[in-house]
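Chemist:
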Amino acid sequence: MEDNTDCDDGDVLVNPDALEICDSGVDNDCDGSADGADAWWDDAWAYRIPVTLTAPTNDSESPPVAVTVDFAAALAALGVSGALDEGSIRVVRQDCALGQPTLTSQFEDGVAGLFDGVDHEDDPNDDRGDVLWLFDEDGDYTTLDAVAAGETADFAIYFDTSGSAASSASSLVASTTSLANNLSAASFSTADGGLMSGITSGASPSLMSQTDSCCGNGVYFGGTWSNTPMYASGTTTLTLDGPVVAMITAFTAASTMNVTNWYWMIDGRPELWNKTLHETNASTTLNHASHFTSGIRPWESVQPNIGAGTFTTDTTDYLYADSSNGTWGVSFGYRWAPLYITSGVSLYNPYLITYANDYADTSAASSVTVAAGTVLLDHTVMFVLPHAGSFGDVDDEVFALMEGVSVTEGSPEAW
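In our numbering, the protein residues as written are 7 to 421.
Below, the structure written as structure tokens:
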């Protein structure tokens, strides 16, 4: 009998209730589209969440992606009573022409909003957290893929109530005082508040150090910089260990200031990320020779092996800077800047100094006393990118990292 709702009466596997798969142009589910972005990757996985990524407005190479997913809510929405098996999670590029490659991914139940200016530390037992991967074509992070400005691509996060973890290769090597991958390596000093003591790119010398700076990376008060993290011992803990992201959490109580720095590195990518929180633990009087806000500096470093170099900086918004000598260089950029960019970014041999905070602008009094529990830097997100050549060789990548990938998360689906 002829069935007018069936787009191929000669094939019982082709009908409106069939599962769309990648199979050389067959419209399995009769929706008018063959081998589209809705093709189901593997029917051994019962559930998925579609995700559309839009690349930044500058060309980039496999930029990092973080999608906060509530798997418990997704299963509930689908009427499933079971709980998530974290080992079942797979990220797939929904492109039949590319063979629907799976990409190395990492689900962190205790992390939500890693790249956002928020407290990303989340309940580690609620099946809600960030799924981390790279905007990549083939899942091989040893070679980054070109991503055009504004490019869109469809991905899906597959999951189930049972499964086994994927075997994932990763170049990340991490400890409590070091982060490294196939491109870069960074070290951290517990004697200096857990701050970064050096970073290299390939065979380069150390290109930047927070701990060798005279000051900054904290708040000036009591007439001295000696209350900042580099003058106080700290603790460092390896809190994430790949395969996509490895993170060190550094903490110090520097006089009346509690300072937490989260540093992380990503498999296959050259930059080091930093999120910082500065909060008073007692009444504190802030002051500085010019203005107290000039003494609040989320990042300060020296670049001794670059020399005078060629300094490039954003003179309007003061959101990025670069120090390079034509052979080696290092860029700085905000992903999530503080509310007040007060005196901008200063570059002079060998210093890079940022002036910004989340408490007051420069119209406030030159000296102020703040109560315990006052947040002066509220989860500022920054990165440093060590590189060969000049700023012109990496400027698009810097601007892309500052902007980030836009994420559109769809509703959960079951096959």
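Note that CB positions come from ideal geometry on N, CA and C, so glycine has one too.
Thinking just about the alpha-carbon of each residue, which of S300, V225, W421 and A159 is nearest to the one in Q106?
Modeler: The shortest C-alpha separation from Q106 is found at A159.
Chemist: When the Cα of A420 is compared with those of T318, Y365 and V86, which residue comes out closest?
Modeler: It is V86 whose Cα lies nearest to the Cα of A420.
Chemist: Is N10 buried or exposed, if buried means 16 or more other CB atoms sit within 10 Å of its CB?
Modeler: Reliability of the predicted coordinates at N10 is poor, the pLDDT of 49 falling under 50, and the value obtained from them is presented with this limitation in mind. By the neighbour-count rule (16 or more Cβ atoms within 10 Å), N10 is not buried but exposed.
Chemist: May I ask you to verify whether the stretch 226-243 touches the stretch 257-264, counting CB pairs closer than 8 angstroms and requiring at least 3?
Modeler: Yes: at least three Cβ pairs fall under 8 angstroms.
Chemist: Where does the unbroken beta strand (DSSP E) through M253 begin, and where does it stop?
Modeler: Run containing M253: V251 to A260, per the beta strand (DSSP E) assignment.
Chemist: Return the chain-ordered list of same chain residues with a C-beta closer than 8 angstroms to the C-beta of A171, the five sequence neighbours on each side being excluded.
Modeler: Excluding sequence neighbours, A171 sits near E92 and G93.
Chemist: Near L345, which residues of its chain fall below 6 angstroms by C-beta distance, leaving aside the five closest residues on each side in sequence?
Modeler: Excluding positions up to five away in sequence, the list reads D364.
Chemist: For G350 and L292, I'd like the C-alpha separation in whole angstroms.
Modeler: Straight-line Cα distance between these residues: approximately 19 angstroms.
Chemist: Looking only at DSSP bridge pairs, what is F113 linked to?
Modeler: For F113, which the question treats as bridged, DSSP gives the partners V137.
Chemist: CA-CA distance, H297 and D166?
Modeler: The straight-line gap from Cα to Cα measures roughly 56 angstroms.
Chemist: Decide yes or no for the touch test of the stretch 64-75 against the stretch 133-142: beta carbon pairs closer than 8 angstroms, at least 3 of them.
Modeler: Yes, the stretch 64-75 is in contact with the stretch 133-142.
Chemist: The beta strand (DSSP E) with M408 in it runs from where to where?
Modeler: Where M408 is concerned, there is no enclosing beta strand (DSSP E), although the alpha helix (DSSP H) it sits in stretches over D401 to E409.
Chemist: My guess is that A378 and S289 are in contact by the Cβ rule of under 8 angstroms, so how many angstroms apart are they, rounded?
Modeler: Correct: roughly 6 angstroms between the Cβ atoms.
Chemist: Could you give the DSSP three-state label for L283: helix, strand or coil?
Modeler: Strand at L283.
Chemist: Counting pairs of Cβ atoms below 8 angstroms between the stretch 204-212 and the stretch 379-395, do you hit three or more?
Modeler: Segments in contact, yes.
Chemist: For H393, list the residues DSSP reports as bridge partners.
Modeler: Answer is G335.
Chemist: If A162 sits next to V57, beta carbons under 8 angstroms apart, how far is it from one beta carbon to the other, in whole angstroms?
Modeler: Confirmed, Cβ separation roughly 6 angstroms.
Chemist: For T196, which three-state DSSP category applies?
Modeler: The answer is helix: DSSP assigns T196 an H, G or I state.
Chemist: Considering only residues of the stretch 286-356, which uninterrupted beta strand (DSSP E) runs meet the minimum length of 3 residues and lie entirely inside it, listed in chain order?
Modeler: With a minimum length of 3 residues, the continuous beta strand (DSSP E) runs that stay inside the stretch 286-356 are 290-293, 306-308, 316-319, 326-330, 334-342 and 346-354.
Chemist: Taking 8 angstroms as the threshold (C-beta atoms), are W47 and V97 in contact?
Modeler: Their beta carbons are not under 8 angstroms apart, which means V97 does not touch W47 by this criterion.
Chemist: According to DSSP, is E415 helix, strand or coil?
Modeler: It is a strand residue.
Chemist: For T318, tell me which candidate among S337, P304, Q309 and S300 has the shortest Cα-Cα distance.
Modeler: That would be S337, whose Cα lies nearest to the Cα of T318.
Chemist: With a threshold of 7 angstroms, establish whether the CB of V71 neighbours any heavy atom of the ligand ADP.
Modeler: Among the components modelled here there is no ligand, and therefore nothing to report on the ligand ADP.
Chemist: Taking the alpha-carbon of Y340 as reference, which of G199, G410 and V250 has the nearest alpha-carbon?
Modeler: Out of G199, G410 and V250, G410 has the C-alpha closest to the C-alpha of Y340.
Chemist: For S111 and M388, I'd like the C-alpha separation in whole angstroms.
Modeler: Distance between the alpha carbons of S111 and M388 is about 22 angstroms.
Chemist: Between which two residues does the alpha helix (DSSP H) carrying F77 extend?
Modeler: Per DSSP, F77 belongs to the alpha helix (DSSP H) from F77 to A83.
Chemist: The beta strand (DSSP E) that contains D160, what's its start and end?
Modeler: Note, D160: beta strand (DSSP E), T158 to F165.
Chemist: Measure from the alpha carbon of G332 to the alpha carbon of each residue in G398, D273 and S372, then state which is nearest.
Modeler: When only C-alpha atoms are compared, the closest one is G398.
Chemist: In the DSSP assignment, find the beta strand (DSSP E) that holds I272 and state where it starts and stops.
Modeler: Per DSSP, I272 belongs to the beta strand (DSSP E) from M263 to I272.
Chemist: Cα separation between A83 and D129?
Modeler: Each residue's Cα considered, the two are about 21 angstroms apart.
Chemist: Is the distance from the Cβ of T368 to the Cβ of T299 below 8 angstroms?
Modeler: Yes, they are a contact pair.
Chemist: What residue range is occupied by the uninterrupted beta strand (DSSP E) comprising T206?
Modeler: Run containing T206: L201 to S207, per the beta strand (DSSP E) assignment.
Chemist: When DSSP labels each residue in this structure, what does S215 get in the three-state scheme?
Modeler: Note: S215 maps to strand in three-state DSSP.
Chemist: Mind checking which residues open and close the beta strand (DSSP E) that includes I95?
Modeler: Where I95 is concerned, there is no enclosing beta strand (DSSP E), given that its DSSP letter is neither H nor E.
Chemist: Taking E415 and I55 to be in contact with their CB atoms under 8 angstroms, please state how far apart those CB atoms are, rounded to whole angstroms.
Modeler: That belief holds up - the Cβ atoms of E415 and I55 are roughly 6 angstroms apart, short of 8 angstroms.
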